[in-house]
Amino acid sequence: MDDPTKQSLERTLFAMISRTAIGLRSILALILTAAFFIPIVLGFWQTLLPSFGYIPAIGLTRIEVFAGQDLIAEPGFASSLRLTLVTGFASTALACILAFSFCAMIQNRIAKSATERFLAPFLATPHAAMAIGLAFLFAPSGFFSRLMSPWATGWQKPPDIITINDDWGVSLIIALIAKEVPFLLLVILSALNHISVHKFMATGHALGYGRAQIWIKIIIPQIYPLIRLSLYIVLAFSLSVVDMAIIIGPSNPPTLSVLSLQWFSDSDPLSLRLATATAIVQTLIILVAVTLWFAMERVVIVVGRWWIRKGGRGPVSDYLMRFLVTMVHVLLACSVLALISLVLWSVAWRWQFPDITPLSWSVQYWSYVLNSDQDILFNSIAIAACTSLICLSFAIAWLEWQNFETPSIRIIVFCIIILPLFIPQIAFLFGLHILFLRWGLSGSLIAVGWAHSLFVFPYIILTLSDSWRSLDNRYIRSAASLGANRMKILLRVKLPMLLRPLLISAAIGFSVSMGLYLPSLVMGEGRIPTITTEAVALASGADRRLQSVYALLQALFPMIIFFAALLIPRIIYVEHADLRGDRQ
Amino acid sequence: MTKLELSHVTIWLRSSRRPLINDLSLVVPSGEVTVIMGSSGIGKSTLLDFIGGHLDPAFTARGNVKIGEYDITHLAPEKRRIGIMFQDDLLFPHLSVGENLLFGLRSDLNKVAGRQALIEDALASADLAGFADRDPASLSGGQRARVTLLRSLLAKPQALLLDEPFARLDKHLRTDVRSFVFEHAIAEKLPVLLVTHDEVDAAAAGGKIIMLQESSI
Amino acid sequence: MFRLGLVLTAGFLTLTSSVLASEKWNETLAKAKGQTIYWNAWGGDQRTNAFIDWVGEQVEQRYGVRLNHVKLSDTAEAVTRVIAEKTAGKSSDGSVDLIWINGPNFLSMKEKGLLAGPFAQDLPNARYVDFSPSSPASVDFTIPVEGYESPWRLAKFVFNYNSARLASPPRTMQEFLIWSKNNPGRFTHPVVSNFLGATFLKQALMELVSDPKILQSAATDNNFDQVTTPLWTWYDELRPTLWRQGKTFPASEQAQQQLLSDDEIDISMSFDPAGAAAAINDGALPGTIRTYALANGTLGNFSFVAIPFNAKNKEGAMIIANFLLEPETQTHAQNINVLGSFSVLDQSKLNDSQLALLAALPTSPALPTNAELGKTLLEPHPSWMIRLSKAWKERYSQ
Chain U
2 MDDPTKQSLE RTLFAMISRT AIGLRSILAL ILTAAFFIPI VLGFWQTLLP SFGYIPAIGL
62 TRIEVFAGQD LIAEPGFASS LRLTLVTGFA STALACILAF SFCAMIQNRI AKSATERFLA
122 PFLATPHAAM AIGLAFLFAP SGFFSRLMSP WATGWQKPPD IITINDDWGV SLIIALIAKE
182 VPFLLLVILS ALNHISVHKF MATGHALGYG RAQIWIKIII PQIYPLIRLS LYIVLAFSLS
242 VVDMAIIIGP SNPPTLSVLS LQWFSDSDPL SLRLATATAI VQTLIILVAV TLWFAMERVV
302 IVVGRWWIRK GGRGPVSDYL MRFLVTMVHV LLACSVLALI SLVLWSVAWR WQFPDITPLS
362 WSVQYWSYVL NSDQDILFNS IAIAACTSLI CLSFAIAWLE WQNFETPSIR IIVFCIIILP
422 LFIPQIAFLF GLHILFLRWG LSGSLIAVGW AHSLFVFPYI ILTLSDSWRS LDNRYIRSAA
482 SLGANRMKIL LRVKLPMLLR PLLISAAIGF SVSMGLYLPS LVMGEGRIPT ITTEAVALAS
542 GADRRLQSVY ALLQALFPMI IFFAALLIPR IIYVEHADLR GDRQ
Chain L
6 MTKLELSHVT IWLRSSRRPL INDLSLVVPS GEVTVIMGSS GIGKSTLLDF IGGHLDPAFT
66 ARGNVKIGEY DITHLAPEKR RIGIMFQDDL LFPHLSVGEN LLFGLRSDLN KVAGRQALIE
126 DALASADLAG FADRDPASLS GGQRARVTLL RSLLAKPQAL LLDEPFARLD KHLRTDVRSF
186 VFEHAIAEKL PVLLVTHDEV DAAAAGGKII MLQESSI
Chain S
316 MFRLGLVLTA GFLTLTSSVL ASEKWNETLA KAKGQTIYWN AWGGDQRTNA FIDWVGEQVE
376 QRYGVRLNHV KLSDTAEAVT RVIAEKTAGK SSDGSVDLIW INGPNFLSMK EKGLLAGPFA
436 QDLPNARYVD FSPSSPASVD FTIPVEGYES PWRLAKFVFN YNSARLASPP RTMQEFLIWS
496 KNNPGRFTHP VVSNFLGATF LKQALMELVS DPKILQSAAT DNNFDQVTTP LWTWYDELRP
556 TLWRQGKTFP ASEQAQQQLL SDDEIDISMS FDPAGAAAAI NDGALPGTIR TYALANGTLG
616 NFSFVAIPFN AKNKEGAMII ANFLLEPETQ THAQNINVLG SFSVLDQSKL NDSQLALLAA
676 LPTSPALPTN AELGKTLLEP HPSWMIRLSK AWKERYSQ
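Protein chains in written order, with my numbering: chain U, 2 to 585; chain L, 6 to 222; chain S, 316 to 713.
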């Protein structure tokens with residue numbers, strides 16, 4: 002073949018590939034819109050309708066006024082609202098402060114890989130399981146009380162004091178913080194990679210500032226924009242959490258999400274109106290809360306600047322930081338004790354106050370669950386595994402192709418992706434379920450898996466994109482200069498180098514899927530029982546022994562995957578020190 | 006003023022027996038610049054870390070650091086009053102130039118207006134009058150280096166460590182900034198320890214030159 | 316001659332109708348074979364779940380029907396599901412084949428036309444049940460059943476107490492008040508939005524009201540406040556002496572049982588007369604717990620199963636409803652090692668061998684005898700309980 006023909010052939014080939022690339026991009030965009038955006042909007046719409054009085058199933062086909070008036074008139078609604086706002090804001094703010102203090106203390110003293118290993122159990126334990134464990138620790142008849150009775154306290158019977166389920170939601174805040182601090186620690190630690198912390202610390206010390214002040218005045222202001230989105234997600238979650246609120250939150254009145262769930266479960270179909278209205282109110286609250294938080298940031302900045310200009314180098318910040326770090330240690334110790342007590346309960350026969358360990362032991366519940374509930378285990382693991390793998394592939398596709406998109410499109414699609422994390426689940430799942438029924442999709446593994454991916458996908462994107470983008474561009478350029486095309490670069494350079502972050506994101510996706518309750522329940526129509534649906538169904542019954550078995554199972558599988566994610570790169574890359582994850 | 010003295014400083018990685026810095030002793034007299042030279046990776050920056058008080062936990066060290074008559078080896082880093090300048094200027098990006106300088110200024114002066122006047126004077130003395138409200142990112146490399154030195158000096162240090170601070174600057178800027186730094190430091194009668202692998206820098210310093218070599222045991 | 320003809324005709328009609336009925340039943344059996352039934356039932360109790368599993372094994376062996384237990388945390392979940400399906404226009408191939416239901420849930424489903432039937436009296440084993448007009452099988456919370464649900468389990472409102480902590484438990488509401496004042500923080504009831512909590516209030520109302528008959532008719536805006544005054548007076552005195560000073564309440568019967576097990580309270584309540592004995596067997600409660608009923612009679616009712624209007628496998632559902640009424644099944648359920656749930660069958664309709672099976676069941680010190688359970692009171696009109704819950708929320712929500 003002579004040169005001109007060869008060249009024109011190459012040109013045509015190249016044009017074809019680019020068009021395929023465009024085609025792939027469009028397909029991807031189409032899938033994202035069809036699979037994400039439209040169903041969420043439609044689901045939300047279907048939930049909106051009953052709140053305006055439109056419930057055709059019982060014959061109400063007129064659109065009336067929004068049920069807001071009736072909501073406010075309901076006794077206890079105002080308290081529920083106050084409670085939700087207080088617990089949401091307090092837990093997020095405290096978690097943020099505690100996480101930063103802890104990072105300030107451990108930075109440079111513990112290797113990042115060691116921190117990830119140590120955080121893994123706390124990240125993997127689902128919220129409900131942690132709440133159950135902590136509830137047992139703090140109850141007046143609980144573990145701490147038993148440790149000290151009757152020799153220290155003189156109690157022969159548990160005292161009648163309110164520790165858990167208290168009116169101000171303090172125990173709920175503590176439980177929320179127990180899960181949020183490890184998550185924020187992970188996020189902050191990865192954000193620290195973007196600035197030269199050591200040098201800033203050195204500069205700050207040289208100018209006479211202690212560790213705490215350097216963190217507050219110099220490092221945090223630079224990192225905060227990087228973790229802002231994660232903080233908003235934590236805030237949205239705290240404001241709409243259901244399972245933790247049921248287990249350890251106040252009951253009279255409960256938080257808005259529990260109130261909404263109660264109305265959804267009410268035998269009177271008219272309560273549907275109130276239930277959906279509450280869900281809509283919750284969505285509005287999240288919107289308002291994020292805006293409020295943003296406004297608070299501005300205020301803090303102004304105050305902070307004034308403080309910096311004063312130039313004070315006092316020791317107060319250091320004492321405060323040391324105190325906060327002690328609090329974090331206490332919190333983590335409580336989480337560990339909570340897990341241990343779950344283990345003890347799962348093999349206990351009879352355990353009564355004030356014994357510190359069970360009176361008699363039995364593994365009957367473990368054998369019962371493992372023998373007769375195998376389909377439940379299968380469902381949970383299969384859905385979690387498939388969802389995380391599929392979402393991971395999509396995430397890779399998205400991250401790989403987003404270089405082509407214009408920034409505005411990228412931002413819009415990103416907002417669509419994280420939308421499910423900001424709308425309370427109950428607000429769109431109910432409506433979505435009705436749609437799925439009409440389309441004949443309801444009750445299948447696919448419907449549940451799809452509902453799970455709505456939440457798994459954003460988490461995978463969030464945890465992966467940072468490492469993906471930080472991959473040194475020069476590796477790609479070198480590979481391209483050596484003649485590798487895009488696909489080859491992806492498969493033989495990018496993915497192998499990013500093995501560790503990929504596995505960690507997959508592990509996070511897996512544990513998110515394991516812990517999902519409402520999506521499995523609503524979309525599966527009860528035909529797809531998972532470990533979590535069983536655990537919550539049992540939480541309404543209360544044999545702690547069975548609860549603990551399920552809670553531990555909930556935590557066990559994600560923990561295994563997490564440790565595999567941390568271990569596999571060490572094995573595969575045993576001879577490649579840079580990729581093992583020791584230095585990062 | 007005071008001198009900077011190192012006695013029998015040995016630094017080594019916890020996991021190895023071979024020390025990075027082996028039994029180093031030196032005295033930097035007040036108002037003079039001592040240069041430490043050596044190939045990359047030999048431990049120059051680690052030595053500065055040790056003097057400044059933020060040695061990475063992966064290392065252990067023996068030996069003493071004294072400023073004047075005070076032994077500061079076990080003092081907290083923020084109490085040592087030893088200034089440092091790095092290769093990257095490390096001006097805090099979220100603060101304005103003026104706020105960066107105010108950060109460095111000791112809070113002995115409680116009057117806000119007095120502090121503001123002080124930094125304005127400092128800027129004027131460096132040909133940067135009116136730069137107080139500027140974003141550090143909008144300054145040129147040479148300007149940033151000057152602001153960094155001003156910030157360090159405003160904190161009234163007793164010694165100054167320079168970790169290859171001119172390496173990023175291009176040739177003609179280098180000479181200007183270098184003379185600026187040395188003049189000011191010497192005017193304040195500070196003992197200065199300069200770490201570099203550039204011979205021109207070393208020569209311009211005009212003080213002792215110490216070559217660090219691969220130590221062997 | 317004429318009378319003979321009448322008798323013969325009647326006999327012939329009975330024979331034909333029973334032949335027809337058994338033919339119809341054979342058809343149902345044939346259609347049901349190979350079906351998979353989704354029985355939506357509350358899954359919060361381990362032993363009930365195990366019993367339902369056992370039922371599943373039996374019906375598969377005998378009739379080739381597969382049973383799938385959909386575990387609910389609240390019956391209303393299934394009700395919502397059926398409503399959603401009706402909204403979506405799904406009038407056949409519904410996802411719920413059978414629901415464990417009674418009371419207010421039954422009322423709302425029946426009123427909104429969400430149930431299939433009538434079917435209960437067409438079941439072969441219906442002959443063992445007392446369907447007389449005012450029996451618990453015919454009237455569910457004063458609502459006529461009319462064959463839209465079939466009974467399977469007996470619920471009776473009982474109390475459990477820790478005999479190690481108190482020798483003689485209170486047997487009337489006034490005695491409760493006195494005892495609780497002397498032992499503050501050792502008694503409570505589930506939240507009133509929970510069925511058991513509302514029933515406690517209802518039981519108290521029935522005992523404290525001056526004229527019990529008024530509760531049989533609907534509550535009106537005019538008489539509600541006046542009738543319930545003695546209740547609120549009593550409750551206002553009781554509440555500060557309750558566990559956690561009456562500021563927070565356990566969410567369910569099982570949550571309350573856990574409190575009893577943790578020694579945080581001394582008395583709890585339940586719908587299952589054999590529940591405590593079963594729990595002791597299981598290690599969930601200490602061996603000193605005893606069950607008893609109030610002195611003046613307590614509320615009791617049946618739990619039923621109903622079939623939604625759009626159920627996919629109505630035949631299989633009926634097979635299961637019928638199997639639940641089998642005397643052997645009811646005896647098996649009453650066995651304290653299985654479920655300990657009292658039989659719904661009319662003992663006067665059982666033959667000697669079936670009665671002997673019942674008598675041979677194991678006993679336990681915590682298990683009350685039928686006699687000890689005392690009189691069953693008639694349920695008041697459902698409007699009373701609905702209003703009571705609402706009034707309690709208004710008075711005591713914070």
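Glycine residues also receive a C-beta, built at the ideal position from the N, C-alpha and C atoms.
Quantities reported herein were computed from a predicted structural model and do not represent experimental measurements.
*To which residues of the same chain is U/Pro520 closer than 8 Å at the C-beta, ignoring the five residues directly before and after it?*
Within the same chain, U/Pro520 has close Cβ partners Gln426, Leu430, Val449, Ala452, His453, Leu455, Phe456.
_Just to check my reading of the structure: U/Thr531 and U/Ile384 have Cβ atoms closer than 8 Å, yes? What is that Cβ distance to the nearest angstrom?_
Cβ-Cβ separation between U/Thr531 and U/Ile384: approximately 7 Å, consistent with a contact (criterion under 8 Å).
*At a Cβ cut of 7 Å, what residues of the stretch 346 to 357 of chain U count as close to chain S, listed as they run along the chain?*
Residues Trp350, Arg351, Gln353, Phe354.
*Name, please, each residue of chain L whose Cβ falls closer than 7 Å to the Cβ of U/Gln223.*
Neighbourhood of U/Gln223 in chain L, by CB distance below 7 Å: Pro98, His99, in chain order.
*Leaving out five residues before and five after U/Pro459 in sequence, what residues of the same chain have Cβ atoms less than 7 Å from its Cβ?*
Around U/Pro459: Ile418, Ile419, Pro421, Leu422.
_Cβ contact check for the stretch 47 to 56 of chain L and the stretch 192 to 205 of chain L: 3 or more pairs under 8 Å_ = Yes: at least three Cβ pairs fall under 8 Å.
_For a quick check, are the C-beta atoms of S/Lys405 and S/Leu429 less than 8 Å apart?_
Between S/Lys405 and S/Leu429, the gap from beta carbon to beta carbon reaches 8 Å or more.
*Alpha carbon of S/Leu335 to alpha carbon of S/Leu387, nearest angstrom*: Distance between the alpha carbons of S/Leu335 and S/Leu387: 38 Å.
_Using a 10 Å radius around the Cβ and a threshold of 16 neighbouring Cβ atoms, would you call L/Glu83 buried or exposed?_
Answer is buried; the Cβ neighbour count reaches 16.
*By DSSP, does S/Leu660 sit in helix, in strand, or in coil?*
Three-state DSSP puts S/Leu660 in coil, outside helix and strand.
_Please tell me whether U/Asn109 has its Cβ less than 8 Å away from any Cβ of chain L._
So yes, U/Asn109 belongs to the interface.
*Residues of the stretch 179 to 193 of chain U with Cβ closer than 8 Å to any Cβ of chain L, in chain order*: So nothing in the stretch comes that close.
*Give the residues of chain U in contact with L/Arg120, contact being defined as C-beta atoms less than 9 Å apart.*
Counting only Cβ-Cβ distances below 9 Å, L/Arg120 has contacts in chain U at Arg310, Lys311, Gly312, in chain order.
*Option in U/Leu500, U/Ala396, U/Val513, U/Gly510 with minimal Cα separation from U/Ile32*: Nearest C-alpha to U/Ile32: U/Ala396.
*Under 8 Å from the C-beta of U/Arg1: neighbouring residues of chain L*: Summary: the structure shown does not reach residue 1 of chain U, with chain U confined to residues 2 through 585, and so no result is reported for it.
*What runs of the beta strand (DSSP E), each 3 residues or longer, lie entirely inside the stretch 101 to 177 of chain U?*
Counting only unbroken stretches of 3 or more residues, no beta strand (DSSP E) element lies wholly within the stretch 101 to 177 of chain U.
_Sheet register partners of L/Asp168 (DSSP bridge)_ = Bridge partners of L/Asp168: L/Val200.
*Pairwise C-alpha distance: U/Ala129 and U/Ala246*: U/Ala246 and U/Ala129 have their C-alpha atoms spaced approximately 9 Å apart.
*Assign L/Val40 to one of three DSSP states: helix, strand, or coil.*
Residue state for L/Val40 is assigned as strand, using DSSP reduced to three classes.
*Would the beta-carbon of L/His189 fall within 8 Å of that of L/Leu158?*
Cβ distance < 8 Å, so L/His189 and L/Leu158 count as in contact.
*asked:* Just list the residues that DSSP pairs S/His384 with in beta bridges.
replied: Partner(s): S/Trp354.
*alpha helix (DSSP H) containing S/Tyr378: first to last residue?*
From DSSP, the alpha helix (DSSP H) with S/Tyr378 extends over 361 to 378.
_Members of the stretch 535 to 568 of chain U that neighbour chain L once the beta carbon cut-off is set at 9 Å_ = Per Cβ criterion, the list is empty.
*When Cβ atoms are compared, which residues of the stretch 50 to 66 of chain L fall closer than 9 Å to chain U?*
Listed by position, the residues of the stretch 50 to 66 of chain L near chain U (Cβ gap below 9 Å) are Leu53, Asp54, Gly57, Gly58, His59, Asp61, Pro62.
*Using a Cβ cut-off of 8 Å, pull out every chain U residue sitting near S/Ser712, in sequence order please.*
Those are Pro76, Gly77, Ser80, Asn253, Pro254, listed as they occur along chain U.
*With a CB to CB cut of under 7 Å and the five nearest residues on each side skipped, what residues in its chain are close to L/Asp94?*
Result list for L/Asp94: Arg149, Ala150, Thr153, in chain order.
*Looking at the unbroken alpha helix (DSSP H) that takes in U/Lys311, where does it start and where does it end?*
Here the alpha helix (DSSP H) through U/Lys311 covers 272 to 311.
_Buried versus exposed call for U/Ser409 [16 or more other C-beta atoms within 10 Å across all chains shown]_ = Exposure of U/Ser409 is indicated by the presence of fewer than 16 other C-beta atoms within 10 angstroms of its C-beta.
*U/Ser197 versus U/Gln223: straight-line alpha-carbon distance, rounded*: Cα to Cα, U/Ser197 sits roughly 11 Å from U/Gln223.
*From the DSSP output, which residues share a beta bridge with S/Thr606?*
The partner list for S/Thr606 (beta bridge, DSSP) reads S/Asn475.
*Taking the C-alpha atoms as reference points, what is the distance between U/Thr358 and U/Ala136?*
Note on geometry: alpha-carbon atoms of U/Thr358 and U/Ala136 lie some 17 Å from one another.
_Using 8 Å as the threshold, is the C-beta distance between S/Val659 and S/Gln669 below it?_
For S/Val659 and S/Gln669, no; Cβs fall outside 8 Å.
*When the Cβ atoms of the stretch 456 to 465 of chain S are set against those of the stretch 681 to 700 of chain S, are three or more pairs found closer than 8 Å?*
Counting Cβ pairs under 8 Å, three or more are found: they touch.
*Under the three-state reduction of DSSP, which class applies to U/His577: helix, strand or coil?*
U/His577 sits in coil when the DSSP states are folded into three classes, being neither helix nor strand.
*Measure the beta-carbon distance from U/Lys200 to L/Phe91 and round it to whole angstroms, keeping in mind my assumption that it falls under 8 Å.*
The pair is a contact, with the Cβ atoms about 5 Å apart (cut-off 8 Å).
*Report the residue from S/Ser663, S/Pro677, S/Ala608, S/Asn475 whose alpha carbon sits nearest the alpha carbon of S/Ile580.*
The candidate whose alpha carbon is nearest that of S/Ile580 is S/Asn475.
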